Amino acid sequence: MASIDLSVLISLQPLRSPRKKEENWALVQRAQYYYSEGFFLGVCPEAVVTIARDMCARNRPVLVNLSAPLVPQQYFEPLRTALYYAD
């Protein structure tokens with residue numbers, strides 16, 4: 109996931125929706141790596157951490173871009189959690 113403009117659209121709803129959950133989670137399962145810009149931590153840190161945790165458990169690379177100085181300043185705790193899973 110990349111782009112500050114798209115960050116406002118991220119949520120866990122597509123991964124929890126009964127109709128789309130399996131289909132959407134299958135995309136995560138097929139991914140070779142996970143890359144997230146730091147801006148997503150300000151919108152839905154649960155989604156970033158949920159996907160990062162899964163990728164790490166399956167020994168897939170997890171990459172987190174800080175994006176801007178404000179990310180570690182404003183979203184330190186979610187960033188710290190996400191970085192735990194990052195390579």
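For the sequence shown, our numbering gives the first residue as 109, with consecutive numbering after it.
Just so it is clear, CB atoms sit at the ideal spot from N, CA and C, and this is done for glycine as well.
Quick caveat: nothing in here was measured; it's all calculated off a predicted structure.
Legend entry - For Thr158 and Gly146, the rounded distance between their alpha carbons: 15 angstroms
Inset, instruction - Quick one: measure Cβ to Cβ for Leu171 and Tyr141, integer angstroms, because I've assumed they're closer than 8 angstroms. - result: 7 angstroms
Inset, instruction - Just mark Leu135 as buried or exposed, buried being the case when its beta carbon has 16 or more other beta carbons within 10 Å. - result: exposed
Inset, instruction - Name the residue from Phe148, Asn167 and Ala160 whose alpha carbon lies nearest to the alpha carbon of Tyr179. - result: First, the amino acid is wrong: residue 179 is Val here, not Tyr. Minimum Cα distance to Val179 is reached at Phe148.
Legend entry - Unbroken alpha helix (DSSP H) run spanning Val157, endpoints: Pro153 to Ala165
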